[in-house]
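A.B. asks:
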Amino acid sequence: MIKTLSSHWAIGLKWVFKTKSDEHGHIVKHKAWLAKGYVQQHGVDFDEVFAPVARLESVRTILVVAVAADIYFHDILYDFSNSTSNSTSTVVAKPTALLQSMNTSVLGMMVVFNGPMTEGKALPPSLEETTVRAQGLYFYNKKQTPADAWFAFSVVFNSTGNRGTLNVMGEDLFSEKTRDLSVVGGTSDFFMARGVATLRGDAIEGFTYFRLQMDIKLYEYYV
Amino acid sequence: MIKTLSSHWAIGLKWVFKTKSDEHGHIVKHKAWLAKGYVQQHGVDFDEVFAPVARLESVRTILVVAVAADIYFHDILYDFSNSTSNSTSTVVAKPTALLQSMNTSVLGMMVVFNGPMTEGKALPPSLEETTVRAQGLYFYNKKQTPADAWFAFSVVFNSTGNRGTLNVMGEDLFSEKTRDLSVVGGTSDFFMARGVATLRGDAIEGFTYFRLQMDIKLYEYYV
Amino acid sequence: MIKTLSSHWAIGLKWVFKTKSDEHGHIVKHKAWLAKGYVQQHGVDFDEVFAPVARLESVRTILVVAVAADIYFHDILYDFSNSTSNSTSTVVAKPTALLQSMNTSVLGMMVVFNGPMTEGKALPPSLEETTVRAQGLYFYNKKQTPADAWFAFSVVFNSTGNRGTLNVMGEDLFSEKTRDLSVVGGTSDFFMARGVATLRGDAIEGFTYFRLQMDIKLYEYYV
Numbered sequence: 005m006i007k008t009l010s011s012h013w014a015i016g017l018k019w020v021f022k023t024k025s026d027e028h029g030h031i032v033k034h035k036a037w038l039a040k041g042y043v044q045q046h047g048v049d050f051d052e053v054f055a056p057v058a059r060l061e062s063v064r065t066i067l068v069v070a071v072a073a074d075i076y077f078h079d080i081l082y083d084f085s086n087s088t089s090n091s092t093s094t095v096v097a098k099p100t101a102l103l104q105s106m107n108t109s110v111l112g113m114m115v116v117f118n119g120p121m122t123e124g125k126a127l128p129p130s131l132e133e134t135t136v137r138a139q140g141l142y143f144y145n146k147k148q149t150p151a152d153a154w155f156a157f158s159v160v161f162n163s164t165g166n167r168g169t170l171n172v173m174g175e176d177l178f179s180e181k182t183r184d185l186s187v188v189g190g191t192s193d194f195f196m197a198r199g200v201a202t203l204r205g206d207a208i209e210g211f212t213y214f215r216l217q218m219d220i221k222l223y224e225y226y227v
Numbered sequence: 005m006i007k008t009l010s011s012h013w014a015i016g017l018k019w020v021f022k023t024k025s026d027e028h029g030h031i032v033k034h035k036a037w038l039a040k041g042y043v044q045q046h047g048v049d050f051d052e053v054f055a056p057v058a059r060l061e062s063v064r065t066i067l068v069v070a071v072a073a074d075i076y077f078h079d080i081l082y083d084f085s086n087s088t089s090n091s092t093s094t095v096v097a098k099p100t101a102l103l104q105s106m107n108t109s110v111l112g113m114m115v116v117f118n119g120p121m122t123e124g125k126a127l128p129p130s131l132e133e134t135t136v137r138a139q140g141l142y143f144y145n146k147k148q149t150p151a152d153a154w155f156a157f158s159v160v161f162n163s164t165g166n167r168g169t170l171n172v173m174g175e176d177l178f179s180e181k182t183r184d185l186s187v188v189g190g191t192s193d194f195f196m197a198r199g200v201a202t203l204r205g206d207a208i209e210g211f212t213y214f215r216l217q218m219d220i221k222l223y224e225y226y227v
Numbered sequence: 005m006i007k008t009l010s011s012h013w014a015i016g017l018k019w020v021f022k023t024k025s026d027e028h029g030h031i032v033k034h035k036a037w038l039a040k041g042y043v044q045q046h047g048v049d050f051d052e053v054f055a056p057v058a059r060l061e062s063v064r065t066i067l068v069v070a071v072a073a074d075i076y077f078h079d080i081l082y083d084f085s086n087s088t089s090n091s092t093s094t095v096v097a098k099p100t101a102l103l104q105s106m107n108t109s110v111l112g113m114m115v116v117f118n119g120p121m122t123e124g125k126a127l128p129p130s131l132e133e134t135t136v137r138a139q140g141l142y143f144y145n146k147k148q149t150p151a152d153a154w155f156a157f158s159v160v161f162n163s164t165g166n167r168g169t170l171n172v173m174g175e176d177l178f179s180e181k182t183r184d185l186s187v188v189g190g191t192s193d194f195f196m197a198r199g200v201a202t203l204r205g206d207a208i209e210g211f212t213y214f215r216l217q218m219d220i221k222l223y224e225y226y227v
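Protein chains in written order, with our numbering: chain A, 5 to 227; chain B, 5 to 227; chain C, 5 to 227.
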């Protein structure tokens, strides 16, 4: 299910407090830093004068934040023959012209999508109205089918729990059971987030429907 | 207007000097760090004990750097009917074939652009020669119009003030007054930068011209 | 040649052991951290007081890792006239229809690729089977030729030395001798990596083949 970041902050803070208990008499300051959300320090040559470094690190938490665990992305491709009424994605170029001229596989077929992401496997009542959506593109880049695909998209959260976007890109290696994409940035509730989105094929129905199970974990974010 | 990073470093360095005056016997080291271009962190109440903290944090500054504040991006779309002479963008596929075959909206229409970015709203004298350009793609991913769009592009700086690129991606949610995209990386003057680019629709003229007001803020960068 | 990260980790681990010997009674904990994959930071002289520092800092290292130095990317474009048998890339839209309708340059031509990356300039015996591949897209965004191109792709490592992906995006400014793209994320052996990929045109043969020399350097990664 989709967890709110706030609950995770709680964990993160707990972690910081624990660290604080290893130190003496700096609690107030700690709170201050926490409130300001310091970023991680990197790469300075220092000596014992610099003990406070430890505290700085608390700024960037190392705890994994599962923003969206076991969430499903639905893709209903308009393939130029079926109805567009319930499709959530379409090919950028007219595939008939493209594929005919290629006499080859789906290599080069690029799809633009705006699909719902749901906590269960079932399609939502309304494909247009969901609190979490994935909006972006994928294209097939292998001659053999099933072909690998490359994804670049934004996960758009619009719920009371979370508002903001996570931006994702990477290769979906079909031969692998699970494929890790990179979360390269985020906005609003996910301000400056980075992490990994793990995809797993969950269902394929012919050419016009597939469902991906997705786990999104953040390893860096600001507070 | 477009601020140079150097002006911000100036502020940052002043900060460091101030901190140095609070410490004793670390001047040489400070100078070394300074040479590396470290910048003090904003808003920390330092005393001698915490001075080192400042130094360490300073490797990653939290001061916001407005690389491009109130800058305008111009998009003049070649729609296959108007002239290409002054167009700055074009559709990847022949839209007539695409849209006719879809009997639907602009969903799936992908545009490649190389547009000027200007400090004012007016088009520059030469569309080809400007010191800041946005080069990338966008595509519409919503059936309804005005449709959401997804952007991935590089802001290319080629002025005496700044040289280098910022790489941006994210969803342009048309329903929002302002939309935050992620700055996921940078090169040269913007080496390893990360931040947020905020878009605001500023003008739309039919199908072939729009202007976006853009603010680019960096929250992480190396010096 | 392609260096394995493991060699770098080896250094990192050696570091940790060395540090452990400098501390007293923290060995078990250290092992735990090790299990979590933390690595000591370069150039830090630790003692008991700083054990916490070690754990925290180590999450980020600033040693530069040349993941792929002097590696070559091959692109053999299927231009809809030559054979597809050995092509490694293809245009998303049928270019004849596109370019005819545009009466212009390659502006807007988008190519999907899945090309081999080799340590030498020679094409590999098998274009389909190489341990390092670049899979993604590029498109031309300038009217004049030779045109600038914009790249977004994943470098997929599948060797015994490295397994995982690096995700890259940025502008290839043809006018520059070398062009820096951003490595915005990584997976598996390159978990959470960030850095810069430097491109240099190495060979062009007409419209259907080019070879890029690529250096990939990471400035941030987790272990």
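Virtual Cβ for every residue (Gly too), placed ideally from N, Cα, C. Quick caveat, the model's predicted, so the values are computed rather than measured.
By the criterion of Cβ-Cβ separation under 7 Å, what are the contact partners of G190 (chain B) in chain C?
C.D. replies: Locating residue 190 (chain B) in the second sequence gives position 186, counting from the first residue. S186, listed in chain order.
A.B. asks: Does any residue of chain B have a CB that is nearer than 7 Å to the CB of A153 (chain A)?
C.D. replies: Position 149 of the first sequence, counting from 1, holds the residue named residue 153 (chain A). By this cut-off, A153 (chain A) is not an interface position.
A.B. asks: CB-CB under 7 Å to M173 (chain B), same chain, minus the five flanking residues each way: which ones, in chain order?
C.D. replies: By one-based count along the second sequence, residue 173 (chain B) stands at place 169. Excluding positions up to five away in sequence, the list reads F155, A156, L185, S186, V188.
A.B. asks: So, with DSSP's three-state summary, where would you put D152 (chain C)?
C.D. replies: The residue given as residue 152 (chain C) occupies position 148 in the third sequence. Residue state for D152 (chain C) is assigned as coil, using DSSP reduced to three classes.
A.B. asks: Between L111 (chain C) and chain B, is the shortest Cβ-Cβ distance under 7 Å, so that the two count as touching?
C.D. replies: Start at 1 with the first residue of the third sequence, and residue 111 (chain C) comes out as number 107. Yes, contact with chain B.
A.B. asks: Is E52 (chain B) close to chain C, meaning its C-beta is less than 7 Å from at least one C-beta of that chain?
C.D. replies: Counting from one through the second sequence, the residue named residue 52 (chain B) turns up at place 48. Low confidence applies here, because E52 (chain B) scores a pLDDT of 24, under 50, leaving its location unreliable; read the following figure in that light. At a cut-off of 7 Å, the C-beta of E52 (chain B) has no neighbouring C-beta in chain C.
A.B. asks: List the endpoints of the continuous beta strand (DSSP E) containing Y213 (chain A).
C.D. replies: Start at 1 with the first residue of the first sequence, and residue 213 (chain A) comes out as number 209. 213–224 is the extent of the beta strand (DSSP E) around Y213 (chain A).
A.B. asks: Leaving aside the five residues before and after D152 (chain B) along the sequence, list all residues of the same chain whose C-beta is less than 8 Å from its C-beta, in chain order.
C.D. replies: Residue numbering aside, residue 152 (chain B) sits at position 148 when the second sequence is read from its first letter. So the qualifying residues of the chain are Y144, N145, K146, E175, D176, L177, F178, S179.
A.B. asks: Quick one: measure Cβ to Cβ for T94 (chain A) and G190 (chain B), integer angstroms, because I've assumed they're closer than 8 Å.
C.D. replies: Within the first sequence, numbered from 1, the residue matching residue 94 (chain A) stands at position 90. Within the second sequence, numbered from 1, the residue matching residue 190 (chain B) stands at position 186. That pair is no contact at about 33 Å.
A.B. asks: Quick one: which residues of the stretch 155–171 of chain A get their C-beta closer than 7 Å to a C-beta of chain B? List them in chain order.
C.D. replies: A156, S158, V160, T169, N171
A.B. asks: Three-state secondary structure (DSSP) at F195 (chain C)?
C.D. replies: In the third sequence, residue 195 (chain C) corresponds to position 191, counting from 1. In this structure, DSSP gives F195 (chain C) a state outside helix and strand, which the three-state scheme calls coil.
A.B. asks: Since M218 (chain A) contacts I75 (chain A) with CB under 8 Å, what's their CB separation in whole angstroms?
C.D. replies: As a working mapping, residue 218 (chain A) is identified with position 214 in the first sequence. As a working mapping, residue 75 (chain A) is identified with position 71 in the first sequence. The Cβ separation is near 5 Å, so the contact holds.
A.B. asks: Taking 8 Å as the threshold, find out whether the stretch 158–169 of chain C comes into contact with the stretch 131–145 of chain C through three or more Cβ pairs.
C.D. replies: Taking 8 Å as the limit for Cβ pairs, the verdict is that the stretch 131–145 of chain C does touch the stretch 158–169 of chain C.
A.B. asks: Of the choices B:P150, B:F211, B:T169, whose alpha-carbon is the least far from that of A197 (chain B)?
C.D. replies: Here residue 197 (chain B) refers to the residue found at position 193 when the second sequence is read from its first residue. Measuring from the Cα of A197 (chain B), the nearest candidate turns out to be B:T169.
A.B. asks: With DSSP as the reference, identify every bridge partner of G210 (chain C), one or two as the case may be.
C.D. replies: As a position in the third sequence, residue 210 (chain C) is number 206, starting the count at 1. The partner list for G210 (chain C) (beta bridge, DSSP) is empty, contrary to what the question assumes.
A.B. asks: Classify Q139 (chain A) as buried or exposed, calling it buried when 16 or more other Cβ atoms lie within 10 Å of its own Cβ.
C.D. replies: Here residue 139 (chain A) is taken as the residue at index 135 of the first sequence, counted from 1. Counting Cβ neighbours within 10 Å, Q139 (chain A) comes out buried, since at least 16 surround it.
A.B. asks: Could you work out which residue in A:F214, A:M114, A:N118 is closest to Y142 (chain A) when comparing CA atoms only?
C.D. replies: Counted from its first residue, the first sequence places residue 142 (chain A) at position 138. Of A:F214, A:M114, A:N118, the residue nearest in Cα terms is A:M114.
A.B. asks: Look at the alpha carbon of T182 (chain C) and the alpha carbon of R204 (chain C), and state the distance between them as a whole number of angstroms.
C.D. replies: Looking up residue 182 (chain C) in the third sequence gives position 178. Looking up residue 204 (chain C) in the third sequence gives position 200. Answer to the nearest angstrom: the Cα atoms are 5 Å apart.
A.B. asks: Less than 7 Å between CB atoms is the rule here; does V96 (chain C) satisfy it with respect to chain B?
C.D. replies: The residue labelled residue 96 (chain C) in the question sits at position 92 within the third sequence. At a cut-off of 7 Å between C-beta atoms, V96 (chain C) counts as an interface residue with respect to chain B.
A.B. asks: Measure from the C-beta of N118 (chain B) to each C-beta in chain C and report whether the shortest distance is under 7 Å.
C.D. replies: The sequence position of residue 118 (chain B) within the second sequence is 114, counting from 1. So yes, N118 (chain B) belongs to the interface.
A.B. asks: Taking all protein chains shown into account, decide if K125 (chain A) is buried (16 or more other Cβ within 10 angstroms of its Cβ) or exposed.
C.D. replies: The residue you call residue 125 (chain A) lines up with position 121 of the first sequence. It counts as exposed.
A.B. asks: Measuring only between beta-carbons, confirm whether M196 (chain B) sits less than 7 Å from chain C.
C.D. replies: On the second sequence, residue 196 (chain B) is found 192 positions in, with the first residue counted as 1. Cβ-Cβ to chain C under 7 Å: yes for M196 (chain B).
A.B. asks: Kindly say whether P150 (chain B), judged by its beta-carbon, lies nearer than 7 Å to any beta-carbon of chain A.
C.D. replies: As a working note, residue 150 (chain B) is residue 146 in the second sequence. By this cut-off, P150 (chain B) is not an interface position.
A.B. asks: Please list the partners that K181 (chain B) has in chain D, where partner means a Cβ-to-Cβ separation under 9 Å.
C.D. replies: Structure shown: chain D not included; protein chains present are A, B and C.
A.B. asks: Alpha carbon to alpha carbon, how far is L127 (chain C) from F117 (chain C)?
C.D. replies: For the purposes of this step, residue 127 (chain C) is taken as residue 123 along the third sequence, with counting starting at 1. For the purposes of this step, residue 117 (chain C) is taken as residue 113 along the third sequence, with counting starting at 1. Answer to the nearest angstrom: the Cα atoms are 15 Å apart.
A.B. asks: For A72 (chain A), count neighbouring Cβ atoms within 10 angstroms of its own Cβ and tell me buried if that reaches 16, exposed if not.
C.D. replies: Numbered from 1 along the first sequence, position 68 holds the residue referred to as residue 72 (chain A). Looking at its Cβ environment, which holds 16 or more other Cβ atoms inside 10 Å, A72 (chain A) is buried.
A.B. asks: Taking C-beta to C-beta, are V96 (chain C) and V96 (chain B) nearer than 7 Å?
C.D. replies: Locating residue 96 (chain C) in the third sequence gives position 92, counting from the first residue. Locating residue 96 (chain B) in the second sequence gives position 92, counting from the first residue. It is a contact, given that the beta carbons lie within the stated cut-off.
A.B. asks: To the nearest angstrom, how far is it from the Cα of Y223 (chain C) to the Cα of F77 (chain A)?
C.D. replies: As a first step, residue 223 (chain C) is located in the third sequence; it is residue number 219 there, counting from the start. As a first step, residue 77 (chain A) is located in the first sequence; it is residue number 73 there, counting from the start. For Y223 (chain C) and F77 (chain A), the distance between alpha carbons rounds to 33 Å.
A.B. asks: Determine the direct distance from the alpha carbon of T92 (chain A) to that of I208 (chain A), and round the result to whole angstroms.
C.D. replies: Locating residue 208 (chain A) in the first sequence gives position 204, counting from the first residue. Locating residue 92 (chain A) in the first sequence gives position 88, counting from the first residue. Taking the straight line joining both Cα atoms gives about 15 Å.
A.B. asks: Can you find a CB in chain B that lies within less than 7 Å of the CB of F214 (chain A)?
C.D. replies: For this step, residue 214 (chain A) is matched to residue 210 along the first sequence. False, the Cβ-Cβ gap to chain B never drops below 7 Å.
A.B. asks: Distance check for T122 (chain B) and R215 (chain B), CA to CA, integer angstroms please.
C.D. replies: Within the second sequence, residue 215 (chain B) is the residue found at index 211, counting from 1. Within the second sequence, residue 122 (chain B) is the residue found at index 118, counting from 1. Taking the straight line joining both Cα atoms gives about 10 Å.
A.B. asks: Near V159 (chain A), what residues of its chain come up, given a Cβ to Cβ distance below 6 Å and the 5 sequence neighbours on each side ignored?
C.D. replies: Position 155 of the first sequence, counted from the start, is the residue given in the question as residue 159 (chain A). Answer for V159 (chain A): A138, L170, listed in chain order.
A.B. asks: Please state whether the Cβ-Cβ distance between S130 (chain C) and R167 (chain C) is less than 7 Å.
C.D. replies: Start at 1 with the first residue of the third sequence, and residue 130 (chain C) comes out as number 126. Start at 1 with the first residue of the third sequence, and residue 167 (chain C) comes out as number 163. The answer is no: Cβ separation not under 7 Å.
A.B. asks: Distance, Cα to Cα, G119 (chain C) vs D206 (chain C)?
C.D. replies: Position 115 of the third sequence, counted from the first residue, corresponds to residue 119 (chain C). Position 202 of the third sequence, counted from the first residue, corresponds to residue 206 (chain C). Their backbone Cα atoms lie some 15 Å apart in a straight line.
A.B. asks: With DSSP as the reference, please indicate the residues paired to V136 (chain B) in a beta bridge.
C.D. replies: Walking along the second sequence from the start, residue 136 (chain B) turns up at place 132. V136 (chain B) pairs with B:F161.
A.B. asks: Hey, does Y223 (chain A) have any beta-carbon neighbour from chain C nearer than 7 Å?
C.D. replies: As a first step, residue 223 (chain A) is located in the first sequence; it is residue number 219 there, counting from the start. By this cut-off, Y223 (chain A) is an interface position.
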